[in-house]
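Engineer: My questions all concern the structure below.
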Amino acid sequence: MKMKQTIYQTLLHWLARITAADPGLTRLLNATKATLSVISSVLTTNLLLDWLDYSLITVPIFSGIVGLLGVFAVFDDTSQKQKVTTLLLALSSGITLTIGAWTSSYFHLSDVAILSVVFLAFYLSRYGSRYFSLNMIGFISIYFSTILGVQFNDLPIYFIGIAIGVFYAYFYKFVLLKNKPENVLKRSMTSFHIQTNLILSRVIHIIQHPYEDESQLRYLNRNVLKLNEYARNIAAQLGDVDPYDVWEGITANQLRLYVFDVQMLMETLTPTIKQLKEQEALSHNDVQKALVQLIQSTRDVKVLRHHNVVDQLLEAEKSVQQLRAVAQEINQQEYDEWLFLLRRLNTMANHVIEGAFELHEVRHKNIERTNKEEAPDEPSQEEEQEGLEPTTKKALQALLAGALSIALGYLLTPTHQYWILLSAFIVFMGTDTVGRTFIKANERTIGTIAGAIVGFGVSLVLTGQSTWQVAFIFLCIFMAFYLFNVSYSLAMFWITMIIAMLYDLLLGGITYHLLLARVLDTFLGAYIGFFSAALVLPNKTREKVTDTTLSFLDSLSKYIETYLMGLKGKNTTENLTEIAFDLDQSLHQFKIDSESIRKRPARFSRSDIERWLTILVATNYYAKHLNATRGHEPNIDSDLKETIDHIQAHVNHNIAAISEMLRTKRHQTIYDLEHDRERIERYPDQDNDLSKRIFVYKLYYIWRINQSLVLLAQDMGAPISRPPE
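Residue numbers for the sequence shown follow full-length UniProt numbering, beginning at 1 and rising by one.
What follows is the structure in structure tokens.
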């Protein structure tokens with residue numbers, strides 16, 4: 001019986017992990033759309049050909065390709081625009097397929113046609129993503145028509161196949177499985193809660209088994225990072241959907257604040273539990289019992305549900321009071337290090353529970369939404385760019401890479417002269433710096449090599465079994481696009497296996513030499529794309545990292561300005577929680593932009609970027625703790641207000657000075673805040689007012705943020721000075 005229960009709990013655990021791993025189930029939904037679109041397009045076209053007694057296997061396959069691109073190659077920012085672009089794909093594919101069939105009869109004219117499409121795909125993208133989508137399907141259409149020798153007299157049946165593919169892409173994407181922002185938000189919150197509960201369950205295990213090894217804490221850290229990603233995902237969705245339409249009475253700001261508080265509690269738990277474990281506090285029975293009770297009651301609260309929420313919240317509130325009582329007993333026993341950590345957990349848990357109470361109350365008041373605030377249109381801040389537009393640079397890079405790829409294609413694999421070009425073209429998609437292009441080239445090569453080896457083996461096993469081969473292709477399509485946003489290498493692994501199966505079906509078998517040629521061409525195309533990006537008008541990774549750092553500092557300046565204004569009792573129009581998510585997003589973008597530098601083999605070439613990342617992570621951590629300590633402001637005297645003004649002015653100066661150094665490389669003077677810190681720390685000694693102690697706790701994080709800025713400036717060679725009195 002116990003074994004059955006263990007197996008059942010294990011299955012529930014892994015089901016929860018799988019569900020949480022896909023916030024909003026967007027990857028599952030998109031992969032399902034793509035797979036169904038391909039299957040429906042292929043089967044419908046094949047049935048039509050059978051009915052017409054028209055034997056041409058390439059037509060259903062091309063129809064499936066169009067159905068796939070109709071789902072995944074449309075990137076417009078609104079549903080209405082996406083519908084128009086999807087329908088226009090049929091026109092673009094039909095025209096370019098005709099061009100490919102016509103130019104294939106003329107010496108190298110098809111090369112000119114396909115290079116023109118490559119150039120236009122990137123050049124015209126400045127006017128909108130629609131033009132890239134239309135040229136992308138144009139590229140695939142010319143590629144397909146030339147490599148398989150599409151004949152003029154077969155074009156009408158191909159046009160029918162294109163129409164079928166576009167129809168099914170439109171049907172699955174906008175009718176049967178259309179994206180509903182409300183459902184996506186609801187599923188995203190479900191994933192967020194599942195991930196939160198997984199973390200809390202693991203924390204309970206660590207508390208109850210304090211002598212286990214450090215692997216549990218490492219596991220916990222990974223899950224907290226994943227939760228951070230889910231929180232950013234939810235914050236991004238709140239611009240497209242009103243939570244009121246999902247949970248009546250809840251506004252976007254309230255939901256954003258609730259998600260932020262939960263995220264901060266999880267981020268606070270990990271280091272705090274680690275420190276309590278190191279200090280052997282978890283072996284203290286009262287501490288262990290109070291912590292387990294707090295975490296279990298917090299985990300059991302179902303904030304966005306109707307039933308028994310008040311009872312659950314009251315139980316959680318009792319557990320907070322119990323932890324506070326334990327902390328007071330420990331204070332009497334003079335365990336100072338335990339007291340600080342337990343108070344920190346108590347404060348964060350209290351914020352979460354208060355936020356949950358507020359959400360529940362607002363929902364049941366059924367507030368009428370009137371005078372709904374709309375964000376004012378921001379004035380355009382586009383600056384005139386020196387030199388060529390980024391899209392023009394990329395178009396020229398792709399043109400050079402394409403020309404070299406075709407030349408090498410005729411030299412090395414004349415029967416498949418565009419294989420290298422296809423690889424080079426794909427490497428340029430979605431990359432805006434030399435470093436990102438290099439990473440994508442590496443990932444594409446690794447995925448292709450692995451996929452070619454496995455695909456070769458599978459094709460040998462399934463040779464002659466066309467039904468199983470087609471079924472395997474459909475499986476590969478689903479896996480490729482389900483994993484596309486998780487790992488590009490894994491996506492390429494499955495896509496390469498699709499190609500292996502298609503060659504076995506279309507060309508009567510795949511040979512070792514064909515497999516080797518495919519791997520070599522992929523390698524050459526990927527790195528031709530990289531070297532073109534690196535040598536022709538390159539967008540350097542460090543410049544991109546600098547831009548991202550400036551964006552982070554700009555959000556940080558706005559964040560601190562808003563916080564300190566509120567601390568002084570002044571109203572501001574800025575939303576502190578929203579800016580906190582902007583900080584999170586900028587930090588996440590910094591990690592992406594700097595990835596190629598941080599992964600370089602040479603240790604010293606990446607050390608400064610790693611340090612920058614460490615400093616920005618710390619700054620973001622301290623900044624988020626400011627928002628977590630909002631409320632309960634003391635009455636401060638005019639002398640202390642002057643001190644706050646002094647702090648505000650010099651922190652703003654430091655941020656502006658670092659930003660100027662990043663832009664101009666000229667050193668600026670940076671100020672520390674040691675004198676202000678000493679002055680503020682003496683403030684609560686005047687009396688035992690708890691609110692004043694909390695006030696000092698808040699300003700401590702301002703000081704830590706400034707210290708992080710001082711470290712960053714020191715690394716850049718800036719002189720550090722005491723500010724004038």
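Ideal Cβ placement from N, Cα and C applies to all residues, glycine included. Owing to the predicted nature of the structure, the values given are computational and were not obtained by experimental measurement.
Candidates Leu-148, Ala-90, Asn-539 and Ile-194: which alpha carbon is nearest Ser-105's?
Structural biologist: The residue with the shortest Cα to Cα distance from Ser-105 is Leu-148.
Engineer: Could I get the ranges of all uninterrupted beta strand (DSSP E) runs contained in the segment 127 to 165, with 3 residues as the minimum, in chain order?
Structural biologist: none
Engineer: Taking the alpha helix (DSSP H) that Pro-390 belongs to, which residues open and close that run?
Structural biologist: 390 to 412
Engineer: Which residues mark the beginning and the end of the alpha helix (DSSP H) in which residue 771 is found?
Structural biologist: Here the chain comprises residues numbered 1 to 725, so residue 771 is not present and cannot be evaluated.
Engineer: Just to confirm the assignment: which complete alpha helix (DSSP H) runs, minimum length 4, are found wholly within the segment 486 to 573?
Structural biologist: Correct list: 488 to 506, 512 to 535 and 541 to 567.
Engineer: Is it buried or exposed, Ser-605, if we count other Cβ atoms within 10 angstroms and call 16 or more buried?
Structural biologist: Because the pLDDT of Ser-605 is 44, which lies under 50, any placement of that residue in the model is unreliable, and the number read from its coordinates should be weighed accordingly. Flag for Ser-605 reads exposed.
Engineer: Could you spell out where the alpha helix (DSSP H) holding Gly-430 opens and where it closes?
Structural biologist: Note, Gly-430: premise wrong, no alpha helix (DSSP H); not H, not E.
Engineer: Tell me, please, which residues DSSP counts as bridged to Tyr-671.
Structural biologist: Ser-721
Engineer: Are Leu-185 and Gln-237 close, meaning C-beta to C-beta below 7 Å?
Structural biologist: yes
Engineer: Do you know how far the Cα of Tyr-527 is from the Cα of Gln-397?
Structural biologist: 12 Å
Engineer: With the cut-off set at 7 Å, would you say Ser-125 and Phe-119 are in Cβ contact?
Structural biologist: no
Engineer: May I ask which residues mark the beginning and end of the alpha helix (DSSP H) holding Phe-478?
Structural biologist: Under the DSSP assignment, Phe-478 falls in the alpha helix (DSSP H) whose first and last residues are 466 to 482.
Engineer: Compute the Euclidean distance between the alpha carbons of residue 726 and Val-59, then round it to the nearest angstrom.
Structural biologist: Examination of residue 726 is not possible in this model, given that the chain is present from 1 through 725 alone.
Engineer: Tell me, to the nearest whole angstrom, how far the beta carbon of Thr-619 is from that of Ser-708; I am working on the premise that it is less than 8 Å.
Structural biologist: 4 Å
Engineer: Under 7 Å Cβ to Cβ from Ala-169, same chain only, skipping five residues before and after it: list those, please.
Structural biologist: Ser-37, Gly-67, Gly-70, Val-71 and Thr-86
Engineer: Taking the alpha carbon of Asp-240 as the point to measure from, which residue in Ser-489, Asn-183, Thr-272 and Ser-283 has its own alpha carbon closest?
Structural biologist: Asn-183
Engineer: Could you give the distance in angstroms between the alpha-carbon of Ile-560 and the alpha-carbon of Val-42?
Structural biologist: 57 Å
Engineer: Whole angstroms is fine: what's the gap from Ser-659's alpha carbon to Gly-355's?
Structural biologist: 36 Å
Engineer: Going by DSSP in three states, Glu-229 sits in which element: helix, strand or coil?
Structural biologist: helix
Engineer: For Trp-494, count the other beta carbons within 10 Å of its own beta carbon; 16 or more makes it buried, fewer makes it exposed. Which is it?
Structural biologist: buried
Engineer: Distance check for Ser-596 and Ile-439, CA to CA, integer angstroms please.
Structural biologist: So the two alpha carbons sit approximately 6 Å from each other.
Engineer: Out of curiosity, what's the CA-to-CA distance linking Glu-443 and Asn-135?
Structural biologist: 24 Å
Engineer: Cα-Cα, which of Tyr-622, Ala-401 and Phe-474 is closest to Ala-534?
Structural biologist: The residue with the shortest Cα to Cα distance from Ala-534 is Ala-401.
Engineer: Excluding the five sequence neighbours on either side, which residues of its own chain have a C-beta within less than 7 Å of the C-beta of Ile-644, listed in chain order?
Structural biologist: The beta carbon of Ile-644 lies closer than 7 Å to those of Leu-564, Leu-567 and Lys-568 in the same chain, with the five residues before and after it left out.
Engineer: Of all the options Ala-718, Thr-35, Phe-122 and Ala-713, which has the alpha carbon lying nearest to the alpha carbon of Leu-399?
Structural biologist: Phe-122
Engineer: Is the distance from the Cβ of Phe-474 to the Cβ of Leu-515 below 7 Å?
Structural biologist: In this structure, the beta-carbon distance from Phe-474 to Leu-515 does not fall below 7 Å.
Engineer: Among Val-224, Tyr-701 and Arg-663, which residue has its Cα nearest to the Cα of Tyr-622?
Structural biologist: Comparing Cα-Cα distances from Tyr-622 to each of Val-224, Tyr-701 and Arg-663, the minimum goes to Tyr-701.
Engineer: In this structure, does DSSP put Asn-366 in helix, strand or coil?
Structural biologist: Below a pLDDT of 50, predicted positions are generally treated as unreliable, and Asn-366, at 49, falls in that range; the measurement from the model is reported next regardless. Asn-366: coil per DSSP, three-state reduction.
Engineer: To which residues of the same chain is Phe-530 closer than 6 Å at the C-beta, ignoring the five residues directly before and after it?
Structural biologist: Thr-437, Phe-438 and Ala-441
Engineer: Distance check for Phe-75 and Ile-162, CA to CA, integer angstroms please.
Structural biologist: 20 Å
Engineer: Measure the beta-carbon distance from Arg-187 to Gly-24 and round it to whole angstroms, keeping in mind my assumption that it falls under 8 Å.
Structural biologist: The beta-carbon separation of Arg-187 and Gly-24, rounded to 4 Å, stays under the 8 Å limit for a contact.
Engineer: Taking Lys-31 and Tyr-482 to be in contact with their CB atoms under 8 Å, please state how far apart those CB atoms are, rounded to whole angstroms.
Structural biologist: The residue you asked about is not Lys; residue 31 is Ala in the sequence shown. Right, their Cβ atoms sit about 4 Å apart.
Engineer: In angstroms with no decimal places, state the Cα-to-Cα distance between Leu-712 and Asn-228.
Structural biologist: C-alpha separation (whole angstroms): 24 Å.
Engineer: Confirm, please, whether the CB-CB distance from Thr-548 to Phe-590 is below 7 Å.
Structural biologist: yes
Engineer: Taking Lys-624 as the reference, which of Ile-579, His-650 and Ser-93 has the closest Cα?
Structural biologist: Ile-579
Engineer: Starting from Thr-26, follow the alpha helix (DSSP H) in both directions and report where the run begins and ends.
Structural biologist: In the DSSP assignment, Thr-26 falls within the unbroken alpha helix (DSSP H) covering 26 to 52.
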